[in-house]
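To start, the structure itself, in structure tokens.
Protein chains in written order, with my numbering: chain L, 1 to 134; chain B, 135 to 262.
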């Protein structure tokens with residue numbers, strides 16, 4: 001696949017139920033041996049939770065200038081487990097069945113990544129598209 | 135003789151006379167064509183008109199399929215009729231079903247992030 005927004009996530013941006021600035025947004029690392037996300041059909045976090053290796057804290061430093069979603073680098077603390085092939089961001093509503101998925105990334109320098117027990121850092125691109133651009 | 139009686143206000147009959155084909159309407163001969171003429175002129179014309187009739191009959195579906203093509207980025211539609219083309223453009227722009235088709239790729243752009251794995255932090259020894 002390629003980096004993409006989840007279809008349901010795009011719809012939620014248009015419907016006004018996803019607010020990049022105001023909502024708590026987190027990221028999960030996914031082992032495709034446990035689950036391979038499908039951006040066209042997966043809509044909530046429980047659809048990909050079988051492959052979850054680690055979950056980040058809330059994103060910090062989020063901005064939306066010119067439709068560009070940006071945030072500070074994301075750190076996953078002391079990660080161990082199976083190799084990670086992709087990561088997905090989601091809005092943290094409270095439970096996996098109601099946390100809407102937002103963006104899927106499987107094309108990045110360093111992927112797949114093999115956890116070694118140390119932190120894993122997702123460094124946001126410093127180019128014009130940052131994390132993603134609508 | 136081969137005859138076909140068509141459902142209309144007239145009864146049409148086709149009759150072969152030697153190498154000629156006659157068209158009778160209510161028993162009156164309205165066309166008398168040589169076999170070669172039918173083969174090279176009448177049949178192609180009939181076929182074309184049949185296709186035009188089918189196009190009109192299925193205009194709605196053709197417009198919908200054309201709209202899908204347009205949404206997918208194809209630079210052509212499935213008809214040269216202006217009214218069908220207009221309808222296809224309208225559907226491509228405004229039809230909710232087509233606009234939400236999952237297999238049409240969205241145009242968002244992504245940056246190219248980097249994953250960095252940091253070494254595990256050394257465990258701090260607790261002195262007894």
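Where is the CB? At the ideal position from N, CA and C, for every residue including glycine.
Self-check item: Inter-stretch contact at 8 Å, needing at least 3 Cβ pairs: the stretch 82-92 of chain L / the stretch 217-231 of chain B
Solution: no
Quiz item: What number of angstroms, rounded off, separates the C-alpha of residue 231 (chain B) from the C-alpha of residue 209 (chain B)?
Solution: 20 Å
Quiz item: Anyone know if the C-beta pair for residue 13 (chain L) and residue 134 (chain L) falls short of 8 Å?
Solution: yes
Exercise. Have a look at the DSSP bridge pairing and note the partners of residue 167 (chain B).
Key: B:155
Exercise. Take residue 61 (chain L) and list the residues in its own chain whose beta-carbon comes closer than 8 Å to its own, dropping the five residues that flank it on each side.
Key: 70, 71, 72
Quiz item: Taking C-alpha atoms, which residue in L:115, L:93, L:97, L:94 lies nearest to residue 135 (chain L)?
Solution: As shown, chain L starts at 1 and ends at 134. That puts residue 135 (chain L) outside it, with no answer to give.
Quiz prompt | Given residue 248 (chain B) as reference, the closest of L:45, L:124, L:63 once Cα atoms are compared | solution = L:124
Practice problem: For residue 57 (chain L), go through chain B and note every residue whose CB falls closer than 8 Å to its CB, in chain order. | Solution: What residue 57 (chain L) touches in chain B: nothing, since even the nearest Cβ is about 16 Å away.
Exercise. Have a look at residue 160 (chain B) and residue 172 (chain B) and give me their C-alpha separation to the nearest angstrom.
Key: 21 Å
Self-check item: As assigned by DSSP and simplified to three states, the class of residue 42 (chain L)
Solution: coil
Quiz item: What is the C-beta distance between residue 166 (chain B) and residue 154 (chain B), in whole angstroms, given that I count them as a contact (C-beta under 8 Å)?
Solution: 6 Å
Quiz prompt | Residues in the stretch 194-213 of chain B having any Cβ partner in chain L nearer than 8 Å | solution = none
Exercise. Please classify residue 200 (chain B): is it buried, with 16 or more other beta-carbons within 10 angstroms of its beta-carbon, or exposed?
Key: buried
Quiz item: Mind checking if residue 91 (chain L) is an interface residue toward chain B, Cβ cutoff 8 Å exclusive?
Solution: no
Quiz item: Starting from residue 25 (chain L) and walking both ways along the beta strand (DSSP E), at which residues does that stretch end?
Solution: 25-30
Quiz item: Does the beta-carbon of residue 245 (chain B) have 16 or more other beta-carbons within 10 angstroms, so that it is buried, or is it exposed?
Solution: buried
Quiz item: How long is the line joining the alpha carbons of residue 18 (chain L) and residue 63 (chain L), rounded to whole angstroms?
Solution: 14 Å
Practice problem: Taking only the alpha-carbon atoms, compute the straight-line gap between residue 25 (chain L) and residue 242 (chain B) and give it to the nearest angstrom. | Solution: 19 Å
Quiz item: What is the rounded straight-line gap between the Cα of residue 220 (chain B) and the Cα of residue 179 (chain B)?
Solution: 27 Å
Quiz item: How many Å lie between residue 33 (chain L) and residue 229 (chain B) at the Cα?
Solution: 38 Å
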